[in-house]
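Below you'll find the structure, written out as structure tokens, and then a few comments.
In my numbering, the protein residues as written are 22 to 316.
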């Protein structure tokens, strides 16, 4: 077998296909976003070929501003029919050789139903950190929420707000989620960098009496979108603003031709999961987030 460095963005489609062929539950939107070189501090991608030239696997390592300091995301997948020939181990070893000296922790995520991959990751030193639940909803029947006194909504893409600092401060304050405790901190600049060049950002900012109150942000890829984050100022919770903000996001996305929305939430975060259930989201898949020290 031969491991070579992938040519991005040319090889993005081949890499995504390998991952989805092995694990159909994977979200192409997020994979394509993670393979966006423009939003990464460092991104290295690899392809592994059989002797007959058949693509047998792919993987990438990534450091970025929305990951904890000194942490690299490591993802790899082999073709489902590749068999027990240590292709994954060979690819993993090659990927680790190119990690920067500033990296001291690795993070990955594996489908909870893929016991073989979970066992392999644990053999490679990864430990379970949390379980994330992906849910999905059909947007065909989406509609705007009923008016609420003092509440306004602003759809946005990559533009800056006139009160940018206030909106960014609100976004930071909303992050009382388990992911924040792991160092996964979101800022407006990082959200805007999330989409790949051929994807589209779509967000909604909710204001209460002019004050930034809630935000929801998504990445659109064709007729599907992934809701990356939704949050409400802790001082303004209990008013239904999370649900209203997502309703506006859904309606805007539907008008742009989006048919399906997916989102991820930690299984120990029941608040946003209840909001999603009221909006019609249904379980799609579950993912085990794992970490290990490096080296």
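Note that beta-carbon positions come from the ideal geometry of N, C-alpha and C, so glycine has one too.
Beta-carbon spacing of residue i, residue j below 8 Å
{"i": "residue 206", "j": "residue 222", "result": "no"}
{"i": "residue 226", "j": "residue 279", "result": "no"}
{"i": "residue 234", "j": "residue 254", "result": "yes"}
{"i": "residue 67", "j": "residue 120", "result": "no"}
{"i": "residue 43", "j": "residue 110", "result": "no"}
{"i": "residue 298", "j": "residue 154", "result": "no"}
{"i": "residue 138", "j": "residue 302", "result": "no"}
{"i": "residue 182", "j": "residue 224", "result": "no"}
{"i": "residue 142", "j": "residue 312", "result": "no"}
{"i": "residue 131", "j": "residue 315", "result": "no"}
{"i": "residue 24", "j": "residue 115", "result": "yes"}
{"i": "residue 199", "j": "residue 151", "result": "yes"}
{"i": "residue 208", "j": "residue 192", "result": "yes"}
{"i": "residue 195", "j": "residue 236", "result": "yes"}
Distance between beta carbons of residue j and residue i, contact taken as under 8 Å
{"i": "residue 53", "j": "residue 242", "result": "6 Å"}
{"i": "residue 93", "j": "residue 127", "result": "6 Å"}
{"i": "residue 86", "j": "residue 211", "result": "5 Å"}
{"i": "residue 129", "j": "residue 147", "result": "6 Å"}
{"i": "residue 252", "j": "residue 296", "result": "Residue 252 to residue 296, Cβ: 11 Å. No contact."}
Cβ-based neighbour list, residue i, same chain, cut-off 8 Å, excluding 5 preceding and 5 following
{"i": "residue 41", "result": "47, 49, 52"}
{"i": "residue 163", "result": "268, 271, 272, 274, 275"}
{"i": "residue 159", "result": "280, 281, 301"}
Residues that residue i bridges to, as DSSP identifies them
{"i": "residue 175", "result": "226"}
{"i": "residue 99", "result": "78"}
{"i": "residue 233", "result": "228"}
{"i": "residue 309", "result": "131, 152"}
{"i": "residue 241", "result": "221, 246"}
{"i": "residue 94", "result": "83, 128"}
{"i": "residue 157", "result": "283, 303"}
{"i": "residue 188", "result": "Paired residues: none, contrary to the question."}
{"i": "residue 204", "result": "Note: residue 204 sits in no beta bridge, so no partner."}
{"i": "residue 65", "result": "82"}
{"i": "residue 24", "result": "69"}
{"i": "residue 291", "result": "Note: residue 291 sits in no beta bridge, so no partner."}
{"i": "residue 253", "result": "235"}
Neighbourhood of residue i by C-beta, 7 Å cutoff - its chain only, sequence neighbours within 5 removed
{"i": "residue 108", "result": "22, 69, 77, 78, 99"}
{"i": "residue 60", "result": "85, 214, 215"}
{"i": "residue 71", "result": "22, 77"}
{"i": "residue 165", "result": "268, 269, 272"}
Own chain partners of residue i with C-beta closer than 6 Å, once the 5 adjacent residues on each side are dropped
{"i": "residue 304", "result": "156"}
{"i": "residue 58", "result": "29, 64"}
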